[in-house]
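Comments concern the structure below.
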Amino acid sequence: MKALWFTVVMGCLPLLLHAQGAPFSIYSSTIPNSKPSSLQEKTITLENGGIRVSDVVQPTLQVFRPAQGKANGTAVIICPGGGYVRLSMDNEGSDVAKRLTEMGITAFVLKYRLPNDQLQPDKTTAPLQDAQQAIRLVRQRAADYGLNPARIGLMGFSAGGHLASTAGTHFAQPVGTTTDATSVRPDFLVLLYPVISFTGSLAHAGSRRSLLGPAPTPDQLRLYSNEQHVTPQTPPTFLVHAQDDQTVPVLNSVRFYEACVRHSVPAEMHLYPKGGHGFGLNNKTTKDSWPERLQNWLDANGWLAP
């Protein structure tokens with residue numbers, strides 16, 4: 130019996146190791162828009178086991194793959210939130226990635242650079258530059274991961290939702306200088322209690338200050354208020370928000386949804402009366418499951434078909 134158990138465990142081990150890869154750099158050599166600094170990346174483990182990362186120097190992706198034989202060729206790159214100050218790497222990152230693999234999706238958690246004048250010459254573009262590079266890299270390596278390069282989505286939570294919606298509305302102008310013609314347009318967006326606008330009462334002041342500084346210009350505010358940049362080419366979008374969110378007003382999602390409707394962009398939005406902010410996979414105030422709603426939406430759009 131012991132020999133049989135050992136055989137079974139060893140037979141499963143390659144599959145287990147294959148399911149979650151080690152983080153890898155999204156840049157092959159020099160990190161663009163960076164400068165020397167004594168700052169070092171910080172990782173904090175909270176009492177509840179939550180993982181928070183700040184002062185990101187080396188942006189990475191970590192892949193989470195479905196069980197063998199379950200992959201459907203769709204990928205989702207996840208942008209955790211944290212107000213552009215820190216990244217919530219578990220409840221808005223790895224936990225979500227593992228749930229997506231249950232749908233047959235190959236998930237990638239993006240540890241992107243947070244805006245910091247000590248680390249970047251232009252802190253306003255660093256997060257978007259990393260998100261675009263992540264899309265570019267996953268699309269280029271689609272064959273290696275068994276992916277359809279036309280089925281690469283981008284998901285973001287809170288400030289990560291601002292990053293994802295920026296990538297979904299600013300893809301025609303890639304950040305930085307590159308001769309690479311690979312498209313950085315996501316094929317669909319999934320936005321969870323996202324920061325969308327930097328103007329008026331909708332703005333999340335902390336995210337805006339972190340990205341643009343204490344005195345942004347009117348042009349900067351317009352540029353990063355993503356409801357103003359939706360076009361017919363904006364990717365199909367799935368939104369989730371709670372009406373009682375006291376951190377990022379629910380009207381951020383509503384305004385983005387309205388802009389999608391005006392421009393005939395397919396969009397689906399789920400609003401909950403309660404749930405607050407930062408609930409991750411599980412809004413404990415309702416028996417409804419937004420991941421199940423998302424799965425239905427992805428399936429209806431053909432992204433879960435093999």
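Sequential numbering of the sequence shown, starting at 130, is according to the numbering used here.
The beta-carbon is built from N, C-alpha and C at its ideal position, and this holds for glycine as well.
Quick caveat, the model's predicted, so the values are computed rather than measured.
In this model, Tyr274 and Val192 are separated by some 9 Å (Cα to Cα). Residue range 396 to 401 is occupied by the beta strand (DSSP E) that includes Glu397.
By alpha-carbon distance to Phe408, the top candidate from Ala334, Thr253, His370, Val205 is His370.
Taking the Cα positions, Phe300 is about 5 Å away from Arg314. Beta-bridge pairing by DSSP links His370 to Leu400.
Under DSSP, Gln191 shares a beta bridge with Val238. Fully enclosed beta strand (DSSP E) runs of no fewer than 3 residues occupy 235 to 240 of the region 222 to 280, in order along the chain. Going by DSSP, Val319 is part of the beta strand (DSSP E) stretching over 317 to 321. According to the DSSP assignment, Ser167 belongs to no beta strand (DSSP E), since it is labelled neither H nor E. Following the DSSP letters along the chain, one finds Ser217 inside the beta strand (DSSP E) bounded by residues 215 to 217. Excluding five sequence positions before and after Gln247, the CB atoms of its chain that fall closer than 6 Å to its own CB belong to Ser166, Leu168, given in chain order.
In summary, Ala396 is buried, with 16 or more beta-carbon neighbours lying within 10 Å of its beta-carbon over all protein chains present. Where Arg338 is concerned, the enclosing alpha helix (DSSP H) starts and stops at 334 to 341. Between the C-alpha atoms of Thr308 and Gln261 there is a straight-line separation of about 14 Å. Within the model, the alpha-carbon separation for His392 versus Glu356 is close to 11 Å. Counting along the chain, Arg314 sits inside no beta strand (DSSP E), nor does DSSP assign it H or E at all. The beta-carbon distance between Val324 and His358, rounded to whole angstroms, is 14 Å. This is too long to meet the 8 Å contact definition. Residue Arg181 holds the alpha-carbon nearest to the alpha-carbon of Lys171 among Leu341, Arg181, Pro365. Note on Lys240: 16 or more other CB atoms within 10 angstroms of its CB, so buried under the neighbour-count rule. Take Arg228, set aside five residues on each side of it, and the residues of its chain with a beta-carbon closer than 8 Å to its own are Leu410, Pro420, in chain order. For Ala148, the enclosing alpha helix (DSSP H) has its first and last residue at 131 to 148. Proximity to Asn245 across Gln375, Pro209, Ser163, Ser223 peaks at Ser163, based on C-alpha coordinates. Contact fails between the region 329 to 347 and the region 359 to 366, because fewer than three Cβ pairs, one in each stretch, are under 8 Å apart. In the structure shown, Ser157 falls within a coil segment according to DSSP collapsed to helix, strand and coil.
For Thr295, the closest C-alpha among the options Arg351, Val186, Ala279 is that of Arg351.
Assignment of beta-bridge partners to Ile206 by DSSP yields Phe237, Leu283. Closest in alpha carbon position to Asp259, among Gly211, Gln187, Thr376, is Gln187.
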